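Under the UniProt record's numbering, the sequence shown has 244 at position 244, and the numbering climbs by one with no breaks.
Glycine included, every Cβ here is placed at the ideal spot set by N, Cα and C.
Computed from a prediction, not measured in an experiment: that's the story for all the values here.
In what follows, a structure is listed as structure tokens, so that the remarks can point back to it.
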Amino acid sequence: MSDPVLLITGASSGIGAATARQAAKAGYRLALAARSADKLQRLVDEIGPQRAIAIRCDVTDYAEQQAMVQQVLERFGQLDAVYANAGIPGSEGGFSAADPAVWKEMLLTNVYGVGLTLRCTLAALKASRGHLLLTGSAAGRFVIPGSMYSASKWAVTGMGLSVREELRGSGVRVTLIEPGMVDTPLFDEPPAYALQPEDIGRAVVYALSQPAHVDVNEILIRPTPGYPHPGARHGPFPAPGRAGRRR
1 MSDPVLLITG ASSGIGAATA RQAAKAGYRL ALAARSADKL QRLVDEIGPQ RAIAIRCDVT
61 DYAEQQAMVQ QVLERFGQLD AVYANAGIPG SEGGFSAADP AVWKEMLLTN VYGVGLTLRC
121 TLAALKASRG HLLLTGSAAG RFVIPGSMYS ASKWAVTGMG LSVREELRGS GVRVTLIEPG
181 MVDTPLFDEP PAYALQPEDI GRAVVYALSQ PAHVDVNEIL IRPTPGYPHP GARHGPFPAP
241 GRAGRRR
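Have a look at this one:
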């Protein structure tokens, strides 16, 4: 049997790139999608072009996501797992003062974009009896005051729970990955105590590695209070929903 194929959106940096590296070690062939073609190509060169392909894709564009899936199937002939990971943060100011333009871009990416990924990949996942994973957040399980970002991740939680019921009996597994604070390029300032992207990558591979009869529904991961990661960038906590850079 050929090695399984994993598609990751938001793969150019942070959690997506770290997951790609972990999955490559676990034997997956990879389709890596993001808006940053240069970063994706560097990651493909690192993993090996025999094992990975780069696909430039804006997840808010339905046609681009359709083309993304078609490219995966043309290259590998199958799609065994999908990690809907693309996302962007919010901005400061809460519902009283935040920039609505930031909300619009964030909701299009974090909610609509994830929905499009599901819409475009489910047929292939049903065919392979595969595995769908979504990056939710601890912010999608607990309330952050004045945070549209938190609201967007509650929506991802709802999508994950809903699509699992839609797929019941199909053999497709669904896993919500729910990180707490993670030190990624999304933050302009480094968190003091945070998980590292590779911590989340290991959690994804753990869920993927379970036998077919085991469906890991959710993994909620938060940093141990007061215990910095040895490789962490130290600095003050950013404010909840602080603006960062898009992956």
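Supposed close pair residue i, residue j - CB separation, criterion 8 Å
{"i": "T184", "j": "I15", "result": "6 Å"}
{"i": "P223", "j": "G180", "result": "6 Å"}
{"i": "L6", "j": "A23", "result": "5 Å"}
{"i": "A37", "j": "V44", "result": "Not a contact, Cβ separation roughly 10 Å."}
{"i": "V172", "j": "T117", "result": "So it is not a contact: roughly 14 Å between Cβ atoms."}
{"i": "residue 250", "j": "K153", "result": "The chain is shown only over 1 to 247; residue 250 falls outside these bounds and no answer can be derived."}
{"i": "P145", "j": "G94", "result": "7 Å"}
{"i": "residue 259", "j": "Q71", "result": "As shown, the chain starts at 1 and ends at 247. That puts residue 259 outside it, with no answer to give."}
Own chain, CB closer than 7 Å to residue i, minus 5 neighbours either side, in chain order
{"i": "G160", "result": "L134, G136, V174 and L176"}
{"i": "K25", "result": "none"}
{"i": "K39", "result": "S12 and S13"}
{"i": "Q78", "result": "V5 and S128"}
{"i": "V114", "result": "A84, L134, V156 and M159"}
Residue i - partner residues in DSSP beta bridges
{"i": "A52", "result": "L30"}
{"i": "V182", "result": "L195"}
{"i": "residue 250", "result": "Here the chain covers residues 1 to 247 and nothing more, so residue 250 does not appear."}
{"i": "I47", "result": "None; I47 has no bridge partner."}
{"i": "T135", "result": "I177"}
{"i": "E92", "result": "Partner(s): none; E92 has no beta bridge."}
Start and end residues, beta strand (DSSP E) containing residue i
{"i": "A212", "result": "Here A212 belongs to no beta strand (DSSP E), and DSSP marks it neither H nor E."}
{"i": "A84", "result": "A81 to A84"}
{"i": "V5", "result": "V5 to T9"}
{"i": "I15", "result": "Note, I15: premise wrong, no beta strand (DSSP E); alpha helix (DSSP H) at G14 to K25."}
{"i": "N219", "result": "Strictly speaking, residue 219 in this sequence is Ile, with Asn absent from that position. Segment E218 to I221, the beta strand (DSSP E) holding I219."}
Alpha helix (DSSP H) segment containing residue i, residue limits
{"i": "V174", "result": "Looking at the DSSP string, V174 is not in any alpha helix (DSSP H); the run it does join, the beta strand (DSSP E), is R173 to P179."}
{"i": "T157", "result": "M148 to E166"}
{"i": "T121", "result": "V114 to S128"}
{"i": "A98", "result": "That residue, A98, is in no alpha helix (DSSP H); it is neither H nor E in DSSP."}
{"i": "F142", "result": "It is not in any alpha helix (DSSP H) - F142 carries neither H nor E in the DSSP assignment."}
Sequence-distant residues of the same chain with beta carbon closer than 6 Å to residue i, five excluded per side
{"i": "D58", "result": "R35 and E64"}
{"i": "G241", "result": "With a pLDDT of 42 at G241, under the threshold of 50, the modelled position of that residue is not reliable, and the figure given next carries that caveat. Here the set comprises G90, S147 and Y149."}
{"i": "P4", "result": "Y28 and D80"}
{"i": "R246", "result": "Note on R246: pLDDT 36, under 50, position unreliable in the model; the coordinate value appears next. Same-chain partners within the cutoff: I88."}
{"i": "R164", "result": "V174"}
Cβ neighbours of residue i in the same chain (closer than 8 Å, five flanking residues each side left out)
{"i": "M1", "result": "Here the model assigns M1 a pLDDT of 48, short of 50, so the residue's position is not dependable and the matter cannot be decided."}
{"i": "Q66", "result": "C120"}
C-beta neighbour in chain B for residue i, strict 8 Å
{"i": "V182", "result": "The displayed structure is made up of one protein chain only, and chain B is not part of it."}
### Query
Is there contact here, the segment 193-200 with the segment 7-26, by at least three beta-carbon pairs under 8 Å?
yes
### Message
Measuring CB atoms only, is the segment 109-116 touching the segment 76-92, in the sense that at least three cross pairs come out at less than 8 Å?
### Response
yes
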